[in-house]
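Asks: Below is one structure. I have some questions about it.
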Ligand code: CMP
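In the working numbering, the protein residues as written are 219 to 376.
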């Protein structure tokens with residue numbers, strides 16, 4: 219299976235609740251690599267682009283307001299099947315439905331204030347990474363760095 223990159227946003231609720239360290243630790247402990255990370259206040263036009271697919275939904279305005287209400291942490295995570303693996307670590311969008319052991323299941327109850335965003339497909343991951351990061355801001359992972367995380371067989375990570 220292939221090594222993928224995915225975009226993660228630790229949202230203003232999680233930053234404000236000082237959950238950042240615990241959340242990042244979940245990704246690292248799973249074996250994913252943080253290959254880019256920055257904290258910032260997002261700009262309105264960037265958030266609009268990012269959530270364009272939800273334009274017209276009844277929650278769209280409130281979602282924009284929420285995402286602009288405080289700083290966020292933007293990250294690019296890399297690892298085996300990273301897109302799907304991160305979505306599983308988060309749990310479903312409605313945190314009230316999320317199982318214990320997931321990030322939303324352990325620390326959330328809300329659909330809007332659901333702590334973390336992660337790309338939902340490889341295609342959106344590429345678009346979202348390009349929206350928030352320059353290529354020069356993304357670091358390389360060396361094969362040696364994942365020697366106890368993944369094995370390699372016939373040139374494939376297993
Ligand atoms: P996210 O994974 O960032 O993708 C879109 C976001 O919109 C979602 O997390 C929630 O924060 C928010 N969202 C999705 N559905 C609803 C809803 N029904 N009511 C309020 N907010 C929602």
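Ideal Cβ positions, reconstructed from N, Cα and C, are used throughout, including at glycine.
1. Distance check for residue 263 and residue 354, CA to CA, integer angstroms please.
2. Count the other C-beta atoms from every protein chain shown that fall within 10 angstroms of the C-beta of residue 277, then say buried if there are 16 or more, exposed otherwise.
3. Between residue 337 and the rest of its own chain, which residues show a CB-CB distance below 7 Å, the 5 nearest in sequence each way excluded?
4. Would you tell me roughly how many angstroms separate the C-alpha atoms of residue 260 and residue 221, rounded to the nearest one?
5. Mind listing, in chain order, the continuous beta strand (DSSP E) runs of no fewer than 3 residues lying wholly within the stretch 247-316?
6. Could you say if the stretch 235-242 and the stretch 272-288 meet the contact criterion of at least three C-beta pairs nearer than 8 Å?
7. What would DSSP say about residue 370, mapped onto helix, strand or coil?
8. Given the structure, does residue 229 come close to the ligand CMP, in the sense that its CB is under 8 Å from one of the ligand's heavy atoms?
9. Please work out which residues of its chain come closer than 6 Å, Cβ to Cβ, to residue 255, disregarding the five sequence neighbours upstream and downstream, and give them in chain order.
10. Buried or exposed, going by whether 16 or more other CB atoms sit within 10 Å of the CB of residue 332?
11. Where residue 311 and residue 329 are concerned, what is the direct C-alpha to C-alpha distance, given to the nearest angstrom?
12. Closer than 8 Å to a non-hydrogen atom of the ligand CMP - does that hold for the CB of residue 336?
13. Using a Cβ-Cβ cutoff of less than 7 Å, which residues in the same chain neighbour residue 281 once the five nearest sequence positions on both sides are dropped?
14. Any heavy atom of the ligand CMP within a distance shorter than 8 Å of the CB on residue 245?
15. For residue 277, verify whether its CB is less than 8 Å away from any heavy atom of the ligand CMP.
16. Can you name the start and end residues of the alpha helix (DSSP H) that residue 346 belongs to?
Replies: Per the coordinate set shown:
1. Translated into the one-based positions of the chain shown, residue 354 becomes position 136. Translated into the one-based positions of the chain shown, residue 263 becomes position 45. Approximately 22 Å between the Cα atoms of the pair.
2. If you number the chain shown from 1, residue 277 lands on position 59. So residue 277 ends up on the exposed side.
3. Taking the chain shown and counting its residues from 1, one reaches residue 337 at position 119. Closer than 7 Å at the Cβ level, and outside the excluded window around residue 337, lie 224, 225, 301, 343, 346.
4. Counting from 1 along the chain shown, the entry for residue 260 is found at position 42. Counting from 1 along the chain shown, the entry for residue 221 is found at position 3. Computed Cα separation, rounded: 28 Å.
5. 251-258, 290-298
6. no
7. Against the chain shown, residue 370 aligns to sequence position 152. In this structure, residue 370 counts as strand in the three-state DSSP scheme.
8. In the chain shown, counting from the first residue as 1, residue 229 sits at position 11. Correct: residue 229 has its Cβ closer than 8 Å to the ligand CMP.
9. For the purposes of this step, residue 255 is taken as residue 37 along the chain shown, with counting starting at 1. Taken in chain order, the residues that qualify are 293.
10. Indexing the chain shown from 1 puts residue 332 at position 114. Counting Cβ neighbours within 10 Å, residue 332 comes out buried, since at least 16 surround it.
11. Here residue 311 is taken as the residue at index 93 of the chain shown, counted from 1. Here residue 329 is taken as the residue at index 111 of the chain shown, counted from 1. Looking at the two C-alpha atoms, the distance is approximately 6 Å.
12. In the chain shown, residue 336 corresponds to position 118, counting from 1. Residue 336 Cβ: within cutoff of the ligand CMP.
13. The residue given as residue 281 occupies position 63 in the chain shown. Here the set comprises 269, 272, 330.
14. As a first step, residue 245 must be located in the chain shown, where it is residue number 27. Every heavy atom of the ligand CMP is 8 Å or more from the Cβ of residue 245, so no.
15. Here residue 277 is taken as the residue at index 59 of the chain shown, counted from 1. Yes.
16. To locate residue 346, count along the chain shown from 1; it is residue 128. Here the alpha helix (DSSP H) through residue 346 covers 340-350.
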